[in-house]
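Notes follow the structure.
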Amino acid sequence: MVFHMAGVEFLFSIPKLFILLTQAFSIILVLYYRKVTVNGMIASVTICYLIFISMISSQPAALFVGIWAILPLFLGYHGARIIMSNLKEKKTNRIIVIIFLLSCCGVICNVFFNYPWYNVSYEIAGMDVSSSQIGSSGGYTRYAGFFKSSLQASANVLILLLYIVSTSKSKTLIVSSFVFSALVALLTISKTIFLLHIILLLYILVKVIPVKVIWRITLACAFIFTVFTIGSTNYHFNVSRDPMQVMLLASLNDRLINTWPEGVNTIISNGNLFFGGGMGTIGVGSKLGTGAYNPGDSMYLYLIGSGGYLLGFILLFWAFYQSTVFNNGNTCRYLSLLLIVLCLFGLSMTAPEYPFMALSMGFLINSRVYKAC
């Protein structure tokens with residue numbers, strides 16, 4: 200809001216410019232030392248493939264916007280080693296808990312008063328951007344706290360909760376954090392996130408399941424979710440005007456009737472399901488790439504739109520490769536929890552375009568480095 204009032208909205212892009220600098224520095228180091236890991240080779244092939252498909256099927260501007268939106272993913276990938284090495288540090292734990300509590304307080308206080316930066320819009324590179332918004336569902340207000348949207352608030356708080364659950368030895372802290380996070384999910388009316396709390400609770404109670412098994416079952420579920428999303432054109436149901444039913448089912452029904460089928464048709468129009476239509480087919484760059492904006496509202500539709508089934512198989516293999524060195528320690532349990540959240544969150548949201556989720560995704564596809572930390 201301060202940048203907007205001062206007329207320097209471009210300063211909002213500074214964090215991503217810093218991410219670009221870190222990526223350039225990382226690439227220079229790799230070239231200098233001439234040491235490329237298997238993860239690095241997979242990443243290089245994947246990026247080259249996506250750029251190639253995008254140059255053929257999409258527009259250069261859409262490719263740029265699409266990559267710009269997921270820059271935190273690259274930061275998560277290159278920062279994985281640093282994050283892993285500091286996972287159990289007391290100082291790190293304290294910082295995470297403080298950020299978690301502030302995030303929760305932001306949403307709870309939002310119930311009683313609005314923040315001055317809500318509903319402020321500005322323009323960057325010809326695109327209208329809003330600072331933060333309070334939405335509604337079925338007549339109920341969805342509070343966003345200190346975040347851009349209610350969904351970002353609940354998702355980011357949940358990711359912080361995963362860290363606390365996996366690393367803290369205090370049962371009081373774990374239980375109280377769980378309650379606060381669940382309350383945030385309720386106040387933001389984030390149905391998927393609230394369901395994830397129930398799954399997380401089951402996971403905490405059943406720690407006997409090996410991490411590798413959980414990781415691979417989750418990847419199998421991700422494959423099933425992809426098939427369901429692409430084949431969703433055959434499903435829908437009627438929603439009455441009852442406020443509770445609207446709140447619980449209206450958004451899903453809209454995805455089944457409109458968003459997902461239109462997304463599949465867009466992919467086929469601009470390319471095909473096997474190779475995709477390139478960056479900008481689905482998501483923030485879609486208006487530049489296809490002429491019509493389609494948010495996707497599904498990580499799986501977004502990935503198929505960007506690189507097709509081929510990209511999906513590459514990511515499945517890549518994620519499976521990470522798990523070959525996992526054990527049942529707290530770090531690996533945290534990683535498996537993060538994967539579960541990402542895959543389930545991706546059912547209803549374009550996860551790579553949410554900064555914290557993109558950061559987590561990059562972190563996960565390079566999580567094998569934990570063994571070297």
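Per the working numbering, the sequence shown starts with residue 200, numbered consecutively.
Glycine included, every Cβ here is placed at the ideal spot set by N, Cα and C.
Bear in mind the structure is a predicted one, so any value in this text is a computation, not a measurement.
**Asked** Among the residues of its own chain, which have a CB less than 8 Å from the CB of ALA324, if the five just before and after it don't count?
**Response** Walking along the sequence shown from the start, residue 324 turns up at place 125. Caution applies to ALA324, whose pLDDT of 49 falls short of 50 and renders its modelled position unreliable; the model cannot decide the point.
**Asked** CB VAL568 to CB ARG280, shorter than 7 Å?
**Response** Here residue 568 corresponds to residue number 369 of the sequence shown, with the count starting at 1. Here residue 280 corresponds to residue number 81 of the sequence shown, with the count starting at 1. Contact flag set, yes.
**Item:** Length of the line joining the Cα atoms of ALA419 and LEU515
**Value:** Along the sequence shown, read from residue 1 onward, the residue named residue 419 stands at position 220. Along the sequence shown, read from residue 1 onward, the residue named residue 515 stands at position 316. C-alpha separation (whole angstroms): 9 Å.
**Prompt:** Taking all protein chains shown into account, do 16 or more other C-beta atoms lie within 10 angstroms of the C-beta of MET556, making it buried, or fewer, making it exposed?
**Reply:** Here residue 556 refers to the residue found at position 357 when the sequence shown is read from its first residue. By the 10 Å Cβ count, MET556 comes out buried.
**Asked** Ordered along the chain, which non-local residues of its own chain (more than five positions away) have a Cβ less than 6 Å from that of PHE299?
**Response** The count along the sequence shown starts at 1 and reaches residue 299 at position 100. Result list for PHE299: LEU359, in chain order.
**Request:** Provide the residue span of the alpha helix (DSSP H) that contains THR480, from first to last.
**Result:** For this step, residue 480 is matched to residue 281 along the sequence shown. Segment: none, THR480 is in no alpha helix (DSSP H) and carries neither H nor E.
**Message:** Between which residues of its own chain and THR428 is the CB-CB distance below 7 Å, once the five residues before and five after are set aside?
**Reply:** Here the question's residue 428 lines up with position 229 in the sequence shown. Answer for THR428: TRP459, SER497, TYR499, LEU500, listed in chain order.
**Request:** Between the Cα of HIS277 and those of THR221, ASN469, MET478, spot the shortest distance and give me the residue it belongs to.
**Result:** Within the sequence shown, the letter at position 78 stands for residue 277. Nearest option by C-alpha distance: THR221.
**Asked** Can you give the Cα-Cα distance for ILE218 and ASN457, rounded to whole angstroms?
**Response** Residue numbering aside, residue 218 sits at position 19 when the sequence shown is read from its first letter. Residue numbering aside, residue 457 sits at position 258 when the sequence shown is read from its first letter. Spanning the two alpha carbons is a distance of roughly 35 Å.
**Message:** Helix, strand or coil, according to DSSP, for ARG233 in the structure here?
**Reply:** Walking along the sequence shown from the start, residue 233 turns up at place 34. Of the three classes helix, strand and coil, the one that applies to ARG233 here is coil, per DSSP.
**Request:** State the Cα-Cα distance for the pair SER485 and GLY477, rounded to the nearest angstrom.
**Result:** In the sequence shown, the residue the question calls residue 485 occupies position 286. In the sequence shown, the residue the question calls residue 477 occupies position 278. Answer to the nearest angstrom: the Cα atoms are 10 Å apart.
**Item:** Close-in-space but distant-in-sequence residues of the same chain around LEU538 (CB under 7 Å, 5 per side omitted)
**Value:** The residue you call residue 538 lines up with position 339 of the sequence shown. Around LEU538: TRP414, THR417, LEU563.
**Item:** Given 8 Å, three or more beta-carbon pairs between the region 302 to 309 and the region 523 to 542
**Value:** no
**Request:** Please report the Cβ distance between LEU386 and VAL296, rounded to the nearest whole angstrom; I am assuming they are in contact, meaning their Cβ atoms lie under 8 Å.
**Result:** Along the sequence shown, read from residue 1 onward, the residue named residue 386 stands at position 187. Along the sequence shown, read from residue 1 onward, the residue named residue 296 stands at position 97. With a Cβ gap of about 20 Å, LEU386 and VAL296 do not count as contacting.
**Asked** Going along the chain, which unbroken runs of the beta strand (DSSP E) with 3 or more residues stay wholly within the region 246 to 330?
**Response** 320 to 323, 326 to 329
**Request:** Enumerate in chain order the residues of its own chain whose CB-to-CB distance from GLY275 is below 6 Å, with the five nearest sequence positions on each side excluded.
**Result:** Sequence index remark: in the sequence shown, residue 275 carries index 76 (1-based). Once the five neighbours on either side are set aside, the close Cβ partners of GLY275 are LEU558, GLY561, PHE562.
**Message:** Quick check: the Cα distance between GLY239 and PHE312, rounded to an integer number of angstroms?
**Reply:** Walking along the sequence shown from the start, residue 239 turns up at place 40. Walking along the sequence shown from the start, residue 312 turns up at place 113. Those two C-alpha atoms are separated by around 47 Å.
**One or two residues paired with TYR475 in a DSSP bridge** = Here residue 475 refers to the residue found at position 276 of the sequence shown. Note that residue 475 corresponds to Gly in the displayed sequence, not to Tyr. Bridge partners of GLY475: ASN471.
**Prompt:** Taking buried to mean at least 16 other C-beta atoms within 10 Å of its own C-beta, is ALA491 buried or exposed?
**Reply:** Taking the first residue of the sequence shown as 1, we reach residue 491 at position 292. Exposed, because fewer than 16 other Cβ atoms sit within 10 Å of the Cβ of ALA491.
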